[in-house]
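This report refers to the structure that appears directly beneath it.
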C-alpha cells in the first residue's frame, strides 16, 4: 500500500500525543505523516522495525480510521489490478476533504473508502463513463473488534507448512515468511483458509514430488502463503471462497491469456499459405473384354467392333486350313 498526506501542510512537532489516540496509534500516524507522498509501506515492516506485534499496528490503523486521522482507499484499475492507498491527516479530516480523496480515484473501476464518515466499507462505482456501473459486492461482515492477525493465528498458519519444507528452512523462520502469513490473515483469510491453501498448493504445484530438490525453501514457503493473481479478493486459486463455484474473473483472464498467446503465435509464424492438395488420380471405368477395343480407341463405334470380330473369325479359319481340317470340324465332336 502507499501512504499520502491528506493535506499539503507542514506537520507541526507535538509535545504530547494527539487527543483521543494512544501511544501506538499516535506514533503510527507520525510515521505516516513523515513518509514521502506515494511511499510504499507495510505494517509488517513497521512492526518489525519497532519491535511490535503486527496485530497491534492493525488495531492502531483501525483506531486512526475511526478517529478521522486516516482514510483507507482500495481501488481497482481497468486492468483488474487492486491497490490500497492511505491518506493521513494530522487532525481529523472534514467532509470536503473526504470528497477530495474520493475525487483522486475517479478513474478507478471500483473504489472502496474506509473513513470515520462512512459507516462501513461499501464498494462503489464511479460516474458513468460509457458503461453501466458495476453492482457493489456485498461486504464481508466481521465482528467490530475482530483481530485478524494474532500470534496464535500466525503460529497456526506457520505450523501448517509441510514437514519436508520446514526441514529445509532456517530456524528461527525468516521474517519474510511470517510477514507473508500476517499479510494473508490481514486480507481476510482465516487460519483454516490458509492451512487449506498451503496443503492444496503443496500438491498442485508439484512441490510434494520434488521436495528433496527444492533450491529455495523460503521462496516456496512464501509462494504457498501469498494471495493468488486474481484481482477478486474472495477468489481462492480459481474458486470463489464464499460460493465454492469457479471464479468468473479467472475464467475471463484465462480466455484473454489464450487469445494473446494465439495472436503471438500467429505473429511469430507469419501469414499461412493456402493449403495445397495433390490432384486426384483418375480411376478408369470398369470394362469387360468386349469393351477392349472401345477402351483403346474411344472413336471406335459398333461398326469397328464388328470388323474386329470378323478379323478374329478369319484368323480362326486360316488356322483350321493350316491343319487341313474342315472348318466346322473344330467345333464338332467326333462320332
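Numbering (this note's numbering), first residue to last: 47 to 381. The C-beta atom is built at its ideal place from N, Cα and C for all residues, glycine as well. As the structure is a computational prediction, the values presented were derived from the model and not from experiment.
Given a cut-off of 9 Å, decide if residue j and residue i are closer than it, judged by their beta-carbon atoms.
| i | j | result |
| --- | --- | --- |
| residue 67 | residue 104 | no |
| residue 98 | residue 134 | no |
| residue 136 | residue 75 | yes |
| residue 288 | residue 295 | no |
| residue 93 | residue 123 | no |
| residue 118 | residue 159 | yes |
Measuring alpha carbon to alpha carbon, tell me which residue in the options is nearest residue i.
| i | options | result |
| --- | --- | --- |
| residue 203 | 218, 224, 214 | 224 |
| residue 30 | 64, 126, 86 | No statement about residue 30 is possible, as the shown extent of the chain runs from 47 to 381 and does not include it. |
| residue 132 | 84, 363, 279, 312 | 84 |
| residue 138 | 65, 261, 363, 157 | 65 |
| residue 69 | 272, 96, 299 | 96 |
| residue 260 | 212, 289, 305, 304 | 212 |
| residue 274 | 264, 106, 247 | 247 |
| residue 262 | 155, 93, 214 | 214 |
| residue 219 | 238, 264, 272 | 264 |
To the nearest angstrom, how far is it from the Cα of residue i to the Cα of residue j?
| i | j | result |
| --- | --- | --- |
| residue 184 | residue 258 | With a pLDDT of 40 at residue 184, under the threshold of 50, the modelled position of this residue cannot be trusted; read the value that follows with caution. Roughly 44 Å between the two C-alpha positions. |
| residue 50 | residue 243 | 33 Å |
| residue 200 | residue 101 | 10 Å |
| residue 52 | residue 147 | 8 Å |
| residue 285 | residue 291 | 6 Å |
| residue 112 | residue 120 | 17 Å |
| residue 110 | residue 307 | 46 Å |
| residue 143 | residue 216 | 48 Å |
| residue 240 | residue 71 | 29 Å |
| residue 130 | residue 77 | 17 Å |
| residue 63 | residue 161 | 21 Å |
| residue 393 | residue 228 | Missing from the structure shown is residue 393; the chain here goes from 47 to 381 and no further. |
| residue 301 | residue 282 | 18 Å |
| residue 141 | residue 149 | 12 Å |
| residue 196 | residue 47 | 21 Å |
| residue 238 | residue 305 | 36 Å |
| residue 249 | residue 272 | 16 Å |
| residue 311 | residue 106 | 52 Å |
| residue 303 | residue 315 | 19 Å |
| residue 309 | residue 152 | 33 Å |
| residue 298 | residue 128 | 16 Å |
| residue 198 | residue 313 | 54 Å |
| residue 236 | residue 145 | 33 Å |
| residue 293 | residue 245 | 20 Å |
Between residue i and the ligand SAM, is there a pair consisting of the residue's CB and a ligand heavy atom that are separated by less than 8 Å?
| i | result |
| --- | --- |
| residue 158 | Ligands in the displayed structure: none, and consequently the ligand SAM is not present. |
Quiz item: Per the contact definition of three or more C-beta pairs closer than 8 Å, is the region 216-233 in contact with the region 259-279?
Solution: yes
Quiz item: Any contact of the region 208-215 with the region 246-256, i.e. 3+ C-beta pairs under 8 Å?
Solution: yes
Quiz item: Are at least three pairs of beta-carbons, each pair with one atom in the region 228-237 and one in the region 86-102, less than 8 Å apart?
Solution: yes
Exercise. Jot down the residue ranges of each uninterrupted alpha helix (DSSP H) in the region 79-107, minimum 4 residues, whole runs only, in chain order.
Key: 89-96
Practice problem: Would you list, in sequence order, the uninterrupted alpha helix (DSSP H) runs of no fewer than 4 residues that lie entirely inside the region 223-250? | Solution: 237-250
Quiz item: What runs of the alpha helix (DSSP H), each 4 residues or longer, lie entirely inside the region 256-301?
Solution: 263-271
Self-check item: Segments of 3+ residues assigned as beta strand (DSSP E) that fall wholly inside the region 111-138
Solution: 116-122, 128-134
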